[in-house]
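Counted from 1, the sequence shown has number 15 at position 16 by numbering that gives the first Met the number 0; the numbering is strictly sequential. Note sheet for the following structure.
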Amino acid sequence: MRDSPVAVHQIPKHIAIIMDGNGRWAEASGMTRSEGHIAGARSVKKVVERCVELGVEYLTLYSFSTENWSRPEAEIHALMQLLLGQLASEAPALAEQGICLKHYGRRDRFSGEVISALDTAVALTAAGKKLTIGLALDYSGRSEIEHAVRRLVEDGVDATQENIESRLYTAGVPDPDLLIRTAGEIRVSNFLLWQIAYSEFYITEQCWPDFDGTSLDCAIAEYTSRVRKFGTVK
């Protein structure tokens, strides 16, 4: 276990990551895009381990967007198989470590096999208190807000911030303190649009398969050098 790059009280409570660049990394390495996604899964494990060491309480990962369904069928199949394999192999270990797994996003477009695997992993890890990992799967920030508003109408309640937040996929989870995006792109790509209103952004040129615990330390060190104003003057 490495020392923390900053004081414990400066560690962000919630880190969200747009895990970009698996395909570009694979192509640059002479590999298939599917092999890039497999390498990306290894990076997830490294980052989760480091979050546990540092005491990060929430980690939200942009794993599969609603727009990703437009990718080639073979790539989507490979991604679903990778997801199934990771859920089956990692969920028991996550439960043992006290890590809770949640799913943020739509459920209706996944196969029954994927939904069953997700539900099993979520149930198995439900008691975890050390770290909550949110998997944003078939996720869209706009669709999430639309879904929340539809529920408001169905419930017949006023459209207050509190009522909207309580109907988001992430209800009960604090907003991200730090949003990390890999592979150098400077955009949010429809991710956590409501929740990142006051998040600090960290963009790295590293593609996701190259991102590891040391990379996370660098992002956190940069985060702690900033003054968060939340719209006020300090």
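From the three backbone atoms N, C-alpha and C, an ideal C-beta is built for every residue, glycine too. Keep in mind that this is a model prediction, so the values were computed, not measured.
Give the single residue among the options whose Cα lies nearest to the Cα of residue i.
| i | options | result |
| --- | --- | --- |
| cysteine 211 | Thr31, Gly22, Ala38 | The question names cysteine, but residue 211 in the sequence shown is aspartate. Aspartate 211 has its Cα closest to that of Ala38, out of Thr31, Gly22, Ala38. |
| leucine 177 | Ala220, Thr31, Ala135 | Ala220 |
| serine 110 | Arg150, Ala120, Leu83, Ile14 | Leu83 |
| threonine 231 | Cys217, Tyr197, Glu153, Asn189 | Tyr197 |
| isoleucine 16 | Glu72, Arg227, Arg180, Lys228 | Arg180 |
| glutamine 206 | Leu134, Ile132, Ser42 | According to the sequence displayed, residue 206 carries cysteine and not glutamine. It is Ser42. |
| serine 188 | Leu53, Thr65, Glu56, Arg49 | Thr65 |
| threonine 31 | Leu86, Tyr222, Pro71 | Pro71 |
| alanine 147 | Tyr103, Glu26, Val226 | Tyr103 |
| glutamate 52 | Arg225, Leu130, Glu199 | Leu130 |
| arginine 1 | Ala122, Ser214, Thr159 | Ser214 |
Output needed for residue i: all residues of its chain with C-beta closer than 6 Å, excluding positions within five of it in sequence on either side, in chain order.
| i | result |
| --- | --- |
| serine 28 | none |
| arginine 150 | Arg166 |
| alanine 218 | Ile179, Tyr201 |
| serine 139 | Thr65, Asn189 |
So is residue i buried or exposed if we call it buried at 16+ other beta carbons inside 10 Å?
| i | result |
| --- | --- |
| tryptophan 24 | buried |
| lysine 12 | exposed |
| glycine 171 | exposed |
| isoleucine 185 | exposed |
| glycine 22 | buried |
| proline 175 | buried |
| valine 152 | exposed |
| phenylalanine 190 | buried |
| proline 173 | exposed |
| histidine 49 | Histidine is not the amino acid found at residue 49; the sequence shown has arginine there. Classification of arginine 49: buried, given that the 10 Å Cβ count is 16 or more. |
| aspartate 118 | exposed |
| glycine 133 | buried |
| alanine 40 | buried |
| glutamate 204 | exposed |
| glutamine 194 | buried |
By DSSP, does residue i sit in helix, in strand, or in coil?
| i | result |
| --- | --- |
| threonine 59 | strand |
| serine 202 | Rather than serine, the amino acid found at residue 202 in this sequence is isoleucine. Three-state result, isoleucine 202: strand. |
| arginine 236 | The question about residue 236 has no answer, for the chain in this structure spans 0 to 233. |
| arginine 149 | helix |
| isoleucine 144 | helix |
| leucine 178 | strand |
| glutamine 194 | coil |
| glutamate 184 | coil |
| alanine 158 | coil |
| aspartate 216 | helix |
| proline 208 | helix |
For residue i, which residues in the same chain have their Cβ closer than 7 Å to its Cβ, ignoring the five residues on either side in sequence?
| i | result |
| --- | --- |
| leucine 78 | His36, Phe63 |
| glycine 155 | none |
| threonine 124 | Ala90, Leu93, Ala94, Ile98, Cys99, Leu100 |
| alanine 120 | Leu86, Ala90, Leu100 |
Quick one: what's got a C-beta closer than 8 Å to residue i's C-beta in the same chain, skipping five residues either side?
| i | result |
| --- | --- |
| tryptophan 68 | Ile75, Arg108, Asp137 |
Exercise for the section: Identify every run of the beta strand (DSSP E) within the region 81-142, keeping only runs that are complete inside it and at least 3 residues long; order them along the chain. Expected result: 98-103, 130-138
Original post:
At what residue ranges does the region 1-76 contain a whole run of the beta strand (DSSP E), taking only runs of 3 or more?
Top reply: 13-17, 57-64
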